[in-house]
Amino acid sequence: MFESLTERLQAVFKKLARKGKLREQDVDEALREVRLALLEADVNYQVVKDFVGRVRERAVGVEVMKSLTPAQQVVKIVHGELTTMLGQPGRLDLSGPSPHIIMLVGLQGSGKTTTAAKLALQLRHEGQRPLLVATDTRRPAAVEQLEVLGRELEIPVYGEKGGSPVAICAQALERARKGAYSVAILDTQGRLHIDQELMSELVEMKDRVSPDEVLLVADAMTGQDAVRLAQEFHQQVGLTGLILTKIEGDARGGAALSIRAVSGVPIKFLGTGEKPSALEVFHPDRLASRILGMGDILTLIERAEASFEEEEARRVEEKLRTATFDLEDFRQQLQQVKRMGPLSQLMEMIPGFASLSRQLPQEVTDQQMKKIEAIINSMTPEERRNPRIIGGSRKRRIARGSGTTVQEVNQLLGQFRQMQKLMKQLTFGRVDISSIFGT
Ligand SMILES: Nc1nc2c(ncn2[C@@H]2O[C@H](COP(=O)(O)OP(=O)(O)O)[C@@H](O)[C@H]2O)c(=O)[nH]1
Ligand SMILES: [Mg+2]
């Protein structure tokens, strides 16, 4: 996610950190590079301009704080302004009477049907009783697709092959009321491009069912096209929120960073993969941390909770929070961690590991995972609890035993030390930015 942007920004801040005391021209130079990085990430021009202006205003002549170096303060300001630019945390407004209605709209292929299922799954976790509604009668395959997903997740689907979508919505709502469903998720039809017929149909549907939420599902990989789409849909249909899909494959981040500022519509969820569990509630501050390569422990914990047994999750969370997560825990978690999603995605969320995950394509990462496992397996339990006791000759033995090199053993130990250090700082609520940028 946003690899190329993160890389560019990290390079800027690293350079800045080397300067120590900052003059105005140092800040300006850094901001010129930040500006370029954002433009290259396909962020809307005006959004970049406003952003850089606000950062500059706050960064120049900033009060010198004892706890942070000037460069760290600039990073902090950038983090704050990124967070502001990204908007508010994504919350669904389901305060109206039950059944609540969520209408998903968007172009064909953007991920509406998949997202409808993901959303239903997430809402069920929160104690809701969701009903999925297929309204795309033009394409029978579309109804089937939702039915298949519903069966897999054991979530009921209402769909008719044929008939007017608006009439089907009305019937589905009747069914939702009778069946005591608490929320109906309407998967609507899409077209390859915006056209008037689609828009009028969506408006008619909206008028008829008065949904609590009208969410545009947009493909993040389409960059500024997604932004224009959001403007268009908001003007014509009226949106309450956005769901950006395929964000995990988006190296640049242009849509995510500009869409809310340009369209005025808040992002509520991010789609991070094809699996039904790959939907994250949108948290601007966490995304800002990830963009700056600072990791995202909270999302990691939430993913752990979603995929682990509850008790196990509490244990891991406690360990992460108290920074006592050691190599033995790490080893025990490897199996379960695999269930949480692709390793490269998880590593992005661990402070200090982000740059490593970017260097490696996914297959390599999974190979790397096997290597890491082999290295840890070759250690004694005591060494796993306290890796500091591993000396030169033991490193050679471990490397031989795991079919790796001493260098690889050293690399793992080094990264683990860095992670523990960062976890400790996070636990004390104070992140030392210089350690993240390796200065
Ligand atoms: N990688 C990735 N693929 C996604 C995501 N959301 C949807 N997709 C894929 O995008 C394709 C189109 O999705 P679909 O739900 O059928 O789109 P619709 O036409 O808008 O209903 C499918 O292959 C999905 O698996 C996502 O967040 N990440
Ligand atoms: Mg569909």
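Residue 247 in numbering that gives the first Met the number 0 sits at position 248 of the sequence shown; the count goes up by one each step and never skips. Every residue gets a Cβ at the ideal spot worked out from N, C-alpha and C, and that includes glycine.
Under the three-state DSSP convention, the category residue i falls into
{"i": "Phe-329", "result": "helix"}
{"i": "Pro-129", "result": "strand"}
{"i": "Ala-183", "result": "strand"}
{"i": "Val-216", "result": "strand"}
{"i": "Thr-438", "result": "For Thr-438, the predicted structure reports a pLDDT of 36, less than 50, and the residue's modelled location is therefore unreliable. A value from the coordinates is still provided. DSSP places Thr-438 in coil when its eight states are reduced to three."}
{"i": "Val-430", "result": "Here Val-430 scores only 45 on pLDDT, less than 50, and its place in the model is too uncertain to base an answer on."}
{"i": "Leu-152", "result": "helix"}
{"i": "Gly-158", "result": "strand"}
{"i": "Ile-101", "result": "strand"}
{"i": "Val-42", "result": "coil"}
{"i": "Leu-278", "result": "strand"}
{"i": "Asn-376", "result": "helix"}
{"i": "Asn-409", "result": "helix"}
{"i": "Leu-145", "result": "helix"}
{"i": "Gln-344", "result": "helix"}
{"i": "Arg-138", "result": "coil"}
{"i": "His-192", "result": "coil"}
{"i": "Val-26", "result": "helix"}
{"i": "Ser-94", "result": "coil"}
{"i": "Leu-21", "result": "coil"}
{"i": "Leu-291", "result": "coil"}
{"i": "Gln-367", "result": "helix"}
{"i": "Gln-72", "result": "helix"}
heavy atom of ligand 1 below 7 Å from residue i C-beta
{"i": "Glu-273", "result": "yes"}
{"i": "Glu-146", "result": "no"}
{"i": "Thr-323", "result": "no"}
{"i": "Gly-105", "result": "yes"}
{"i": "Val-132", "result": "no"}
{"i": "Glu-247", "result": "yes"}
{"i": "Gly-270", "result": "yes"}
{"i": "Ser-109", "result": "yes"}
{"i": "Val-408", "result": "no"}
{"i": "Thr-244", "result": "yes"}
{"i": "Val-216", "result": "yes"}
{"i": "Ala-277", "result": "yes"}
CB-CB length for residue i against residue j, believed under 8 Å
{"i": "Gly-292", "j": "Gln-9", "result": "5 Å"}
{"i": "Val-213", "j": "Ser-257", "result": "Actually they are not in contact, since the Cβ atoms of Val-213 and Ser-257 sit about 21 Å apart, beyond 8 Å."}
{"i": "Met-198", "j": "Val-236", "result": "6 Å"}
{"i": "Leu-243", "j": "Ala-250", "result": "Contact doesn't hold; Cβ gap of about 14 Å is too wide."}
{"i": "Ser-401", "j": "Ser-377", "result": "4 Å"}
{"i": "Pro-386", "j": "Phe-415", "result": "6 Å"}
{"i": "Thr-440", "j": "Lys-160", "result": "In the structure displayed, the chain extends from 0 to 438; residue 440 sits before or after that span and is not available."}
{"i": "Ala-58", "j": "Val-73", "result": "5 Å"}
{"i": "Val-104", "j": "Leu-215", "result": "6 Å"}
{"i": "Ala-171", "j": "Arg-207", "result": "Their Cβ separation, rounded to whole angstroms, is 11 Å, which puts Ala-171 and Arg-207 out of contact at 8 Å."}
{"i": "Gly-240", "j": "Pro-265", "result": "5 Å"}
{"i": "Ala-116", "j": "Leu-152", "result": "6 Å"}
{"i": "Ser-276", "j": "Leu-120", "result": "7 Å"}
{"i": "Val-165", "j": "Met-204", "result": "5 Å"}
{"i": "Phe-1", "j": "Ile-290", "result": "5 Å"}
{"i": "Ile-184", "j": "Val-132", "result": "7 Å"}
{"i": "Gln-488", "j": "Ser-262", "result": "Given that the chain is displayed from residue 0 to residue 438, the structure contains no residue 488 and the question cannot be resolved."}
{"i": "Gly-158", "j": "Val-142", "result": "4 Å"}
{"i": "Lys-370", "j": "Thr-323", "result": "So it is not a contact: roughly 25 Å between Cβ atoms."}
Closer than 7 Å: residue i CB and nearest ligand 2 heavy atom
{"i": "Gly-189", "result": "yes"}
{"i": "Asp-224", "result": "no"}
{"i": "Thr-112", "result": "yes"}
{"i": "Asp-328", "result": "no"}
{"i": "Ala-141", "result": "yes"}
{"i": "Asp-135", "result": "yes"}
{"i": "Asp-186", "result": "yes"}
Residue i Cβ short of 7 Å to ligand 3 heavy atom set
{"i": "Ser-163", "result": "Although ligand 3 was asked about, the structure shown includes only ligand 1 and ligand 2 as ligands."}
Would you mind listing the alpha helix (DSSP H) stretches within the stretch 221-275 that are 4+ residues and don't spill past its ends, in chain order? 223-235, 253-262
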